[in-house]
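S.K.:
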Amino acid sequence: MLWTRTFIPTMKETPEGAEIPSHVLMLRAGLVAQVMAGAYTYLPLGLRSLRKAAQIVREEMDAAGAIELAMPCMSPTSLWEQTGRVEAFGNVLVSFSLPRQNRKVQVTLGPTHEEIVTDYMSRQISSYRQMPITVYQITTKFRNEERPRFGVMRTSEFLMKDAYSFDATVESLGHSYDAMYAAYCRIFERCSLEYLPVEAESGPIGGDASHEFMIPAENGEDTVLHCVECGYAANQERAEVGARDLVRPDVPLDELQRVDTPNCTTIEQVSGLLKRRPQDLIKTLIYSADGKPVVVLIRGDHEANEAKIRRAMGAETLELAEPDVIGRVTGAPVGFAGPVRLAEKLPIWADRDVQRSVNAVTGANAADVHLTGVNLGRDFEVDRFDDLRSAVDGDPCPRCSSSLRLRHSIEVGHVFKLGTKYSESLGARFADEKEQLHPLIMGCYGIGVNRILAGLIETNHDANGIVWPVALAPYELLVVPLKVNDEETMSVAGKLHDDLEAAGIEVLLDDRTARPGVKFKDADLIGIPLRVVIGPRGLKEGKLEVKWRWQEEAEMIDLEGAAEKLVEWIVQERKDSARFLGR
RNA sequence: CAGGACGUAGGAAAGCCUGGUACUCCGCGUGCCUUGGGAGCACGAGAUCGCUGGUUUGAAUCCAGCCGUCCUGACCA
2 MLWTRTFIPT MKETPEGAEI PSHVLMLRAG LVAQVMAGAY TYLPLGLRSL RKAAQIVREE
62 MDAAGAIELA MPCMSPTSLW EQTGRVEAFG NVLVSFSLPR QNRKVQVTLG PTHEEIVTDY
122 MSRQISSYRQ MPITVYQITT KFRNEERPRF GVMRTSEFLM KDAYSFDATV ESLGHSYDAM
182 YAAYCRIFER CSLEYLPVEA ESGPIGGDAS HEFMIPAENG EDTVLHCVEC GYAANQERAE
242 VGARDLVRPD VPLDELQRVD TPNCTTIEQV SGLLKRRPQD LIKTLIYSAD GKPVVVLIRG
302 DHEANEAKIR RAMGAETLEL AEPDVIGRVT GAPVGFAGPV RLAEKLPIWA DRDVQRSVNA
362 VTGANAADVH LTGVNLGRDF EVDRFDDLRS AVDGDPCPRC SSSLRLRHSI EVGHVFKLGT
422 KYSESLGARF ADEKEQLHPL IMGCYGIGVN RILAGLIETN HDANGIVWPV ALAPYELLVV
482 PLKVNDEETM SVAGKLHDDL EAAGIEVLLD DRTARPGVKF KDADLIGIPL RVVIGPRGLK
542 EGKLEVKWRW QEEAEMIDLE GAAEKLVEWI VQERKDSARF LGR
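Sequential numbering from 2 applies to the first sequence in the numbering used here.
(1) With a CB to CB cut of under 6 Å and the five nearest residues on each side skipped, what residues in its chain are close to P10?
(2) Which partner residues of G518 appear in the DSSP bridge assignment?
(3) Could you work out which residue in R49, P133, E561 and E574 is closest to L174 when comparing CA atoms only?
(4) Give a yes or no on contact between the stretch 314 to 333 and the stretch 291 to 298, applying the rule of three or more CB pairs nearer than 8 Å.
(5) L473 and S123 look like a contact to me (Cβ under 8 Å); what is the Cβ gap, rounded to whole Å?
(6) Along the chain, where does the beta strand (DSSP E) containing W350 start, and where does it finish?
(7) Give me the DSSP bridge partner(s) of D163.
(8) What does the Cβ neighbour count give for N486, buried or exposed, with the cut at 16 atoms within 10 Å?
(9) Starting from F386, follow the beta strand (DSSP E) in both directions and report where the run begins and ends.
(10) Can you name, in chain order, every residue of its own chain whose Cβ lies under 7 Å from the Cβ of E219, other than the five neighbours on each side?
(11) Tell me whether the stretch 345 to 358 and the stretch 413 to 425 touch, counting them as touching only if at least three CB pairs, one residue from each stretch, are closer than 8 Å.
(12) What residue range does the beta strand (DSSP E) around K548 cover?
(13) S127 to Q437, Cα distance in whole Å?
(14) Which residues in the same chain as S357 place their Cβ atom closer than 6 Å to its Cβ, once the five residues preceding and following it in sequence are excluded?
(15) Distance, Cα to Cα, Y288 vs F90?
(16) Let me make sure I understand the geometry here. Which of N451, A432, L501 and K548 has the alpha-carbon closest to that of T587?
(17) Between which two residues does the beta strand (DSSP E) harbouring H439 extend?
(18) Identify which residue in V118, M37, R239 and L44 has its Cα closest to the Cα of T156.
(19) Applying the 10 Å Cβ sphere with the 16-neighbour rule, what's the burial state of K592?
(20) Rounded C-beta distance between G364 and G336? I'm assuming under 8 Å.
(21) Which class does V225 belong to by DSSP, given the choice of helix, strand or coil?
(22) Please classify K12: is it buried, with 16 or more other beta-carbons within 10 angstroms of its beta-carbon, or exposed?
(23) Should K435 go down as buried or exposed, given a rule of 16 or more other Cβ atoms within 10 Å for buried?
(24) Please determine if the stretch 550 to 558 and the stretch 494 to 514 are in contact, where contact requires at least 3 C-beta pairs separated by less than 8 Å.
(25) Where does T267 land, buried or exposed, given buried means 16+ other C-beta within 10 angstroms?
(26) Using a 10 Å radius around the Cβ and a threshold of 16 neighbouring Cβ atoms, would you call P73 buried or exposed?
(27) Can you tell which of I21, E307 and A455 has the C-alpha that lies nearest to the C-alpha of A392?
(28) As an exercise, report each continuous beta strand (DSSP E) stretch of at least 3 residues that is fully enclosed by the stretch 3 to 30, in chain order.
(29) Would you kindly check if the distance between the Cβ of T140 and the Cβ of L275 is under 8 Å?
(30) Output yes or no for whether 8 Å exceeds the beta carbon distance between V271 and L282.
(31) Considering only their Cβ atoms, is the gap separating L454 from V533 smaller than 8 Å?
(32) Just reading off the alpha helix (DSSP H) that T78 is part of, what are its end residues?
(33) Between Q138 and A164, what straight-line distance do the alpha-carbon atoms span, to the nearest angstrom?
(34) Near Y233, which residues of its chain fall below 6 Å by C-beta distance, leaving aside the five closest residues on each side in sequence?
(35) Thinking D354 and G243 are a contact (beta carbons under 8 Å), I'd like their distance in whole angstroms, please.
(36) List, from N- to C-terminal side, the alpha helix (DSSP H) runs of 4 residues or more that fit wholly inside the stretch 266 to 343.
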């Protein structure tokens, strides 16, 4: 392809509003252009990379035995009402009505396709003999993001691969799940991405039923905890805190005292006023678990983990109690709750680290007053200790004696054992060998294709631009003739381009009449892996200058036989990405 | 949803406080010159200063409302 025959609007300056590297570079390199917050046009280079990522996903899905189909973006809203997801998704759902002659049809643009695929497959599958089966598609999904951000990373419209497995037994589901898990590992390896499968919220099946595939990145929105020693990795919602010393330090107990703390309702304010460290405070949170108020105690410097609390309590729903409930059960306005002398007798749960708290500070259950010298056993009792807080960097690993590292990351994939959630609500059943009817046992598996690109760029760039691996690069090789008006230069460039293209190499020829500096800058910016410069210096000696994007120095190769050599390099790199990974 | 910032030509960005002809750089067009890391000179085209209303002799500038964009947090099957 000739540069002047395609469309590559590069930018020298960073457009206003772009902050993180992947967003800045995708705009500057002419990969994408914003249409509105949360919606982007894919320009030729961006589209080529996006398609390459999608193709890798497709090939590995096919290899794993999944069957491709394409479901529509539009679906009847009634389908989403049946599963209760109109409410569950809320504003995320993009819905509108279509006039159809004398009536109106309520339509929802699919944020995912469980309802649609289950509805269809339930009519096709009636016997256990028709399973297992896994279907997938690569289509545009719609999720209204109230706050789109980070460029292509978080948009309201995005390309997603979603697969759905249907099995007759939980054991069989395990095999379907494992096949997808393995396919995901191959996909991200082929994309040359550094990725981390982490344990995630397990849902109805329980146990080892959900993994997220994460790209560790500074600007990632998700947080995972990872043990380098044993490999344990989990998202923050899920990550357990390992065993640690919970014996209370042997220090004399202070007297319980009331202190005035006017308008101090936060840990920060109280610790600042009383000159006590946050970890010397105990947060007292009033939750409403399935509608019933409960007290949760967390050390001041820790964060309550609502998923853990809900699991521990076995509750369906959990939310912070309303201010009037808090006022009633504590006898104080929000911000002054404490476990000592609550207005109402409530179950008190506490995170394990509270066991170590001594002479702590808590709210006094009275406006503008806190207590100091609060001690477990003497001043209050706890009904149950459990792991109720979010793990933090440096916490002990739950699987070995090492410690956890906190890493920000970008979620690019998710595999999930769904169980019978949707098949039950949609009446999707099959008959077993004894003609007994059971709901289909499902799994769902998603990959954000756009995020593969954003994640790759976010973790593979330098000061000058993108550094693509061959697997995802819009073109594999860039030919840069320095003197476009020189006949010899251009004939060598044209021949090289044609020979490479004939050999199946994706080659871009920068035929612009621009000065060398401009071409070099753009070459670095768009990040094509292999750059071949044809200039007067080398040409005199019958040589070409070649350089991988991630290398500092170029090397000269003979013009004679250059095409063959370059083809060989690219073909080799396609196979194993060894040069990219070993850079 | 809470808090904050911003909106001036295709891109970046000054002017706004203190009201009067919109500064500059990049890009674009023409010509000369130059040709290995975003060259130089000259001439030129390109702007309803986000929108609506108000104040004023006069509004990019002051006031009000709205729209849009970005950031932090909340939310995220």
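Just so it is clear, CB atoms sit at the ideal spot from N, CA and C, and this is done for glycine as well. Here the structure is a predicted model, which means the values were calculated and not measured.
M.R.: Once the coordinates are examined:
(1) Taking C-beta separations shorter than 6 Å and ignoring five residues to either side along the sequence, the partners of P10 in its chain run G31, following chain order.
(2) According to DSSP, which records beta bridges pairwise, G518 is partnered with nothing at all.
(3) P133
(4) yes
(5) Actually they are not in contact, since the Cβ atoms of L473 and S123 sit about 37 Å apart, beyond 8 Å.
(6) I349 to D352
(7) Note: D163 is bridge-paired with Q138 and G447 in the DSSP secondary-structure output.
(8) Per the 10 Å Cβ criterion, exposed.
(9) R385 to D387
(10) Excluding residues within five positions, the ones whose Cβ falls inside 7 Å are H409.
(11) no
(12) K544 to W549
(13) 11 Å
(14) Looking at the sequence provided, one finds Arg at residue 357 rather than Ser. In the same chain as R357, and ignoring 5 residues on each side of it, the C-beta atoms closer than 6 Å to its own belong to L247 and R249, in chain order.
(15) Those two C-alpha atoms are separated by around 23 Å.
(16) The chain is shown only over 2 to 584; residue 587 falls outside these bounds and no answer can be derived.
(17) L438 to P440
(18) Per the Cα distances, M37.
(19) As shown, the chain starts at 2 and ends at 584. That puts residue 592 outside it, with no answer to give.
(20) 7 Å
(21) Under the three-state reduction of DSSP output, V225 falls in the strand class.
(22) According to the sequence displayed, residue 12 carries Met and not Lys. M12 should be labelled exposed.
(23) exposed
(24) Pairwise C-beta distances place the stretch 550 to 558 out of contact with the stretch 494 to 514, as fewer than three of them are shorter than 8 Å.
(25) exposed
(26) Result: exposed.
(27) E307
(28) Counting only runs of 3 or more, we get nothing.
(29) Not closer than 8 Å, so no.
(30) yes
(31) no
(32) T78 to Q83
(33) Between Q138 and A164, the C-alpha separation is close to 7 Å.
(34) C398 and R400, listed in sequence order.
(35) That belief does not hold up - the Cβ atoms of D354 and G243 are roughly 12 Å apart, past 8 Å.
(36) 268 to 275, 307 to 314 and 324 to 331
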